[in-house]
Amino acid sequence: MHTVVVGTSGTTAEDVVAVAREGARVEISADARTALARARAVVETLAATPEPVYGVSTGFGALATRHIGPELRTRLQRNIVRSHAAGMGPRVEREVVRALMFLRLKTVCSGHTGVRPEVARTMADLLNAGITPVVHEYGSLGCSGDLAPLSHCALALMGEGDAEGPDGEVRPAAELLAEHGIAPVELREKEGLALLNGTDGMLGMLLLALADLRRLYLSADITAALSLEALLGTDRVLAPELHAIRPHPGQGAAAANMSAVLKGSGLTGHFQQDEAPRVQDAYSVRCAPQVAGAGRDTMAHARLVADRELAAAVDNPVVLPDGRVESNGNFHGAPVAYALDFLAIAAADLGSICERRTDRLLDKNRSHGLPPFLAGDPGVDSGLMIAQYTQAALVSEMKRLAVPASVDSIPSSAMQEDHVSMGWSAARKLRTAVDALGRIVAVELYTAARAIELREGLTPAPASRAAIDALRAAGAKGPGPDRFLAPELAAADAFVRGGGLVTAVERVTGPLA
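So the sequence shown is numbered by this note's numbering: it starts at 6 and just counts up by one.
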């Protein structure tokens, strides 16, 4: 297990995934500890002055007009955490909460929040102990940041609320902190607000989705290539000179990936086998690089947004290098929300084109000689008929999830927060869409593999053969009479989701783009 060191200049997507999913240890760098102390000194100086300073000696949101005396400020910071920890609904996944906690620590360590070094250290201690606060599905409008989710995390720092221990059991946070020798924090001026005011939940989910989508887009290039083979299509449409004259980077990468998979195939280009020879393949086959490529370029834009956000200090107010403490609107989630919604749209379209290829493989009128539904004994057997139904249901769900959340806004806080991003909602639906996409790609893989094996006398590409052999080894069986299909589709899903498909193919092709 490696260690991630948090400094003042942000972090990387890889570090976020390592902490969220792999349990990497977290340490705070010496420069971050210095920056924390310096910014804290500014806040304490301002706290001692009679002039009201937002978040330091005032209320919050629509209540910011009230000046809070020194004797009430600890209570003020504690109360904002308690009152804002108002989430409802199912628990959010452990990896999302860990990403959220780590990203908040990243901003705290920037030296722009005014939080004491000991609070940052306690945040790191919780991550390293494997203590994950219970965060609920509903409660964030994506402005001022992910308030309710972050509040539930801050509550655990105070030794309140519930949390999941490293053993997966949910217990009172106070018990878990005591077992690991972690002292609860008593929040002081500005600290409660600083722990709540960020885009960390939606950014964490964006980064996790990007990691998953990279694997799924590679997998979809592979399944598109297998479907092209199974349909006896032509790989001439993948020639690099064709894609060079429309120079979208993602399109070129997708075409190159498909070409690499199809190298040495004995199935491509057999148009003459049809009674009415084809001039061109259907769009779902011929335009596979264009659709998958557009999604890749959308991911590239989302990565750019994420990288900027990873380098940012998102809080309000912030401590500037010259010692000023200024209010701002940097907590607004619009940049992240748009990227999340764009990804959901691209993923839905990729799922849709995968399903169209699957349907073509199952239709005897369009599959160029394959048996109906790839059944062993059509009529007695139904083959993969209902596997495509399941895939179609998932595509329909993805289309609903592609409706943007970021076009909505529900004013809150007595109209002080009168335009919100709904970025958290965009992130939650994207996670569901990514899960659906994995299953859709798995069904296409399962279908194309069976179709290729039914093309007797024709030899698939070595990479295709490697993919099919690995799929069979993973528990998804080949052609034959009808059998209980759900476990095999689940095995194909796990094979795709876990990276087995990409690994099997890259052993033959080398790294794909």
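Here a beta-carbon is modelled for each residue, glycine too, at the ideal position from N, C-alpha and C.
Q. By the 10 Å Cβ neighbour count, where 16 or more other Cβ atoms means buried, how is Ile391 classified, buried or exposed?
A. Taking the sequence shown and counting its residues from 1, one reaches residue 391 at position 386. Per the 10 Å Cβ criterion, exposed.
Q) Fully enclosed by the stretch 73-158, which alpha helix (DSSP H) runs are 4 residues long or longer? A) 78-89, 99-113, 122-134
Q: Indicate whether Leu348 and Ala214 have their beta-carbon atoms separated by less than 8 Å.
A: Your numbering for residue 348 matches position 343 in the sequence shown. Your numbering for residue 214 matches position 209 in the sequence shown. Cβ distance < 8 Å, so Leu348 and Ala214 count as in contact.
Q) Should the stretch 64-80 be called in touch with the stretch 122-129, which here means at least 3 C-beta pairs below 8 Å? A) No: the two stretches stay apart, fewer than three of their Cβ pairs being nearer than 8 Å.
Q. Between Ala199, Ile136, Asp36, Thr54, which lies nearest to Ile85 when the distance is taken from Cα to Cα?
A. Counted from its first residue, the sequence shown places residue 85 at position 80. Among Ala199, Ile136, Asp36, Thr54, the Cα nearest to that of Ile85 belongs to Ala199.
Q. Are the beta-carbon atoms belonging to Ala342 and Ala410 less than 8 Å from one another?
A. Mapped onto the sequence shown, residue 342 falls at position 337. Mapped onto the sequence shown, residue 410 falls at position 405. Going by C-beta atoms, Ala342 is nearer than 8 Å to Ala410.
Q | DSSP three-state assignment for Pro254, whether helix, strand or coil | A | Here residue 254 refers to the residue found at position 249 of the sequence shown. Correct three-state label for Pro254: helix.
Q: Note down the Cα distance separating Leu231 from Ser270, rounded to an integer number of angstroms.
A: Translated into positions along the sequence shown, residue 231 becomes position 226. Translated into positions along the sequence shown, residue 270 becomes position 265. Roughly 10 Å separates the two Cα atoms.
Q: Starting from the C-beta of Arg371, find all residues in its chain whose C-beta is less than 6 Å away, skip the five residues before and the five after it, and write them out in chain order.
A: Walking along the sequence shown from the start, residue 371 turns up at place 366. Same-chain partners within the cutoff: Arg365.
Q. For Pro492, which three-state DSSP category applies?
A. Walking along the sequence shown from the start, residue 492 turns up at place 487. If DSSP states are grouped into helix, strand and coil, Pro492 belongs with the helices.
**Q.** Test item: CB-CB of His89 and Leu272 under 8 Å
**A.** Counted from its first residue, the sequence shown places residue 89 at position 84. Counted from its first residue, the sequence shown places residue 272 at position 267. No.
Q. Who are Val11's beta bridge partners in DSSP?
A. The residue given as residue 11 occupies position 6 in the sequence shown. Its beta-bridge partners are Ile33.
**Q.** Leu211 vs Ala311 beta-carbon contact at 8 Å
**A.** Residue 211 sits at position 206 when you count from the first residue of the sequence shown. Residue 311 sits at position 306 when you count from the first residue of the sequence shown. In this structure, Leu211 sits near Ala311, with a CB-CB distance shorter than 8 Å.
Q. Can you list, in chain order, the residues of its chain whose CB lies under 6 Å from that of Ala447, leaving out five sequence neighbours each side?
A. Working through the sequence shown from its first residue, we reach residue 447 at position 442. For Ala447, where only same-chain residues beyond five positions count, the Cβ hits under 6 Å are Ala497, Asp498, Val501.
Q) Are the beta-carbon atoms belonging to Cys114 and Pro138 less than 8 Å from one another? A) Position 109 of the sequence shown, counting from 1, holds the residue named residue 114. Position 133 of the sequence shown, counting from 1, holds the residue named residue 138. No, they are not a contact pair.
Q. Where does Leu424 land, buried or exposed, given buried means 16+ other C-beta within 10 angstroms?
A. Position 419 of the sequence shown, counted from the first residue, corresponds to residue 424. In the sequence as presented, Leu is not what sits at residue 424; that position holds His. Looking at its Cβ environment, which holds fewer than 16 other Cβ atoms inside 10 Å, His424 is exposed.
Q) Can you give the Cα-Cα distance for Ala471 and Val513, rounded to whole angstroms? A) For the purposes of this step, residue 471 is taken as residue 466 along the sequence shown, with counting starting at 1. For the purposes of this step, residue 513 is taken as residue 508 along the sequence shown, with counting starting at 1. Their Cα atoms are separated by approximately 8 Å.
Q | When Glu142, Ala397, Ala229, Leu208 are compared against Gly338, the one with the closest alpha-carbon | A | Indexing the sequence shown from 1 puts residue 338 at position 333. Comparing Cα-Cα distances from Gly338 to each of Glu142, Ala397, Ala229, Leu208, the minimum goes to Leu208.
Q) Three-state secondary structure (DSSP) at Thr16? A) Here the question's residue 16 lines up with position 11 in the sequence shown. Thr16 falls in the coil class under three-state DSSP.
Q: Label Thr54 either buried or exposed according to how many other C-beta atoms from any shown protein chain fall within 10 Å of its C-beta, with 16 as the threshold for buried.
A: For the purposes of this step, residue 54 is taken as residue 49 along the sequence shown, with counting starting at 1. With fewer than 16 other Cβ atoms within 10 Å, it is exposed.
Q: Work out the CA separation of Glu493 and Ala481 for me, nearest whole Å.
A: Working through the sequence shown from its first residue, we reach residue 481 at position 476. Working through the sequence shown from its first residue, we reach residue 493 at position 488. Distance between the alpha carbons of Ala481 and Glu493 is about 5 Å.
Q: Assign Ala344 to one of three DSSP states: helix, strand, or coil.
A: Sequence index remark: in the sequence shown, residue 344 carries index 339 (1-based). Reduced to three states, the DSSP call for Ala344 is helix.
Q: Below 6 Å CB to CB, which residues in the same chain sit around Ala69 once its five sequence neighbours on both sides are set aside?
A: Position 64 of the sequence shown, counting from 1, holds the residue named residue 69. These residues qualify, in order along the chain: Tyr59, Thr63.
Q | Distance between beta carbons of Gly147 and Gly485, contact taken as under 8 Å | A | Along the sequence shown, read from residue 1 onward, the residue named residue 485 stands at position 480. Along the sequence shown, read from residue 1 onward, the residue named residue 147 stands at position 142. Contact flag wrong, Cβ pair sits at about 50 Å.
Q.
Classify Ala304: buried if its beta carbon has 16 or more other beta carbons within 10 angstroms, exposed otherwise.
A. On the sequence shown, residue 304 is found 299 positions in, with the first residue counted as 1. The identity of residue 304 in the sequence shown is Met, whereas the question assumes Ala. So Met304 ends up on the buried side.
Q. Taking Cβ positions, are Asn262 and Leu517 nearer each other than 8 Å?
A. Here residue 262 refers to the residue found at position 257 when the sequence shown is read from its first residue. Here residue 517 refers to the residue found at position 512 when the sequence shown is read from its first residue. A contact, by the Cβ cut-off of 8 Å.
Q) Thinking just about the alpha-carbon of each residue, which of Thr363, Ile473, Arg38, Ala35 is nearest to the one in Ser289? A) Reading the sequence shown from its first residue, position 284 is the one you call residue 289. Looking at the Cα atoms, Thr363 is the closest of the given residues.
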